[in-house]
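The block underneath contains the structure these notes are about, expressed in structure tokens.
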Amino acid sequence: MNSSTPLTSFLRFSVGVSRISVRNESTWARYRPDEARKRFRHKKMDEAGFSETHGEELWVFNHLTTDQIIYSTKPVLDHNRALKQLPFNGKKSKPAKLRKDYWKPMAKIRFPKGEGEVGRSVFQALREFKRRHELEWGYQAESLYNQSRSDRAKDLNRQKANAIADMAAVLGGAGKGNLIQHTIVQVTPGAEKGAEPVTQLKVVPATVFWANKHDPEFAASWPENVKHRLGNLEMTRSEEAELLMEEQQAGEDNGAALKAVEA
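The numbering of the sequence shown is the numbering used here, which starts it at 33 and goes up by one.
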């Protein structure tokens, strides 16, 4: 009898070992020091194809007739990704494809430069709150159960007011894993051994651009770190900088032309 291990079993064992090593590599990242964790995170972002500014600006799209909500990190909707955010609440409640003439940006959330990680955590919290509104009906459960399927689907799709209230709550620090408010530990070099480190609460400011000046009124209150602006929803920060440079260059050219005419 041949007691040697078959080649196929050995190959299967080697593949299993490689999988375990990859799993441990991703699990150990949370226990690394801050600098090592930061390098690991940037490496993963590079593999995903994200830019360094990914998450610094978030767009909130609203359906003009159904008041459905879609969150995006880009000023233009990605149909495949956007459709995954729309739940199936009944027959004809979820479109097969998105029509651009029905979906318009309702708001744009902008964070300071270099705070893309904060924006990504806010993006995740907003999507989680939206899902909870669709699945957890709370005090409205009895009235929703008594409605017909079509009426119930319309009410569940109508998430505009909830989305604005969620924006006010999340930008104020609500949501698990939200980094818009986080504690910074400050260690002084000359401190005595055993001394407690000094902690400071860091609150990241945010600016919300609105298409309608009355939409912020859906929220009961807004945190102090949030500023509101009207308009300018479809342009990114880099596009605004390019437009400003073009306007400045045009102004300088006009000034030079006027001086030449006067001379």
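Backbone N, C-alpha and C fix where the C-beta goes; we use that ideal spot for every residue, glycine too.
Status (buried if at least 16 other CB within 10 Å, exposed otherwise) for residue i
i    : result
V103 : In the sequence as displayed, the identity of residue 103 is Tyr instead of Val. Burial call: buried.
P137 : buried
Q281 : exposed
W60  : Low local confidence applies: a pLDDT of 46 at W60 is under 50, so the model's placement there is unreliable, and no value is given.
I216 : exposed
E57  : With a pLDDT of 46 at E57, under the threshold of 50, the modelled position of this residue cannot be trusted, and the question is left open.
H246 : exposed
E147 : buried
K234 : exposed
V230 : exposed
Endpoints, the beta strand (DSSP E) within which residue i is located
i    : result
R142 : W135 to R142
Short Cβ contact (9 Å threshold) for residue i with residue j
i    : j    : result
A157 : G122 : no
G204 : S153 : no
F143 : E228 : no
V236 : K140 : no
K129 : L118 : no
L90  : F155 : yes
Residue span of the alpha helix (DSSP H) that contains residue i, given as start and end
i    : result
S182 : R181 to N189
E149 : G148 to L167
L211 : From DSSP, L211 is part of no alpha helix (DSSP H); its letter is neither H nor E.
Y177 : A173 to Y177
K145 : Unbroken run through K145: none, as it is neither H nor E.
V192 : Rather than Val, the amino acid found at residue 192 in this sequence is Lys. Looking at the DSSP string, the run of the alpha helix (DSSP H) that includes K192 is K192 to L203.
* What are the uninterrupted segments assigned as beta strand (DSSP E) that are 3 or more residues long and contained completely in the region 222-275, given in chain order? -> 230-235, 238-242 and 258-262
* Every unbroken alpha helix (DSSP H) inside the region 83-129 [4 residues or more] -> List check, alpha helix (DSSP H) in window: 111-115.
* Asked: Three or more beta-carbon pairs under 8 Å between the region 180-190 and the region 88-101, yes or no?
  -> yes
* Asked: Does the region 195-207 come close enough to the region 250-267 that 3 or more CB-CB pairs lie under 8 Å?
  -> Touching, per the Cβ criterion.
* Can we say the region 111-127 touches the region 177-184, given the rule of at least three CB pairs closer than 8 Å? -> Counting C-beta pairs with one atom in each stretch, the region 111-127 and the region 177-184 have three or more that are closer than 8 Å, which means they touch.
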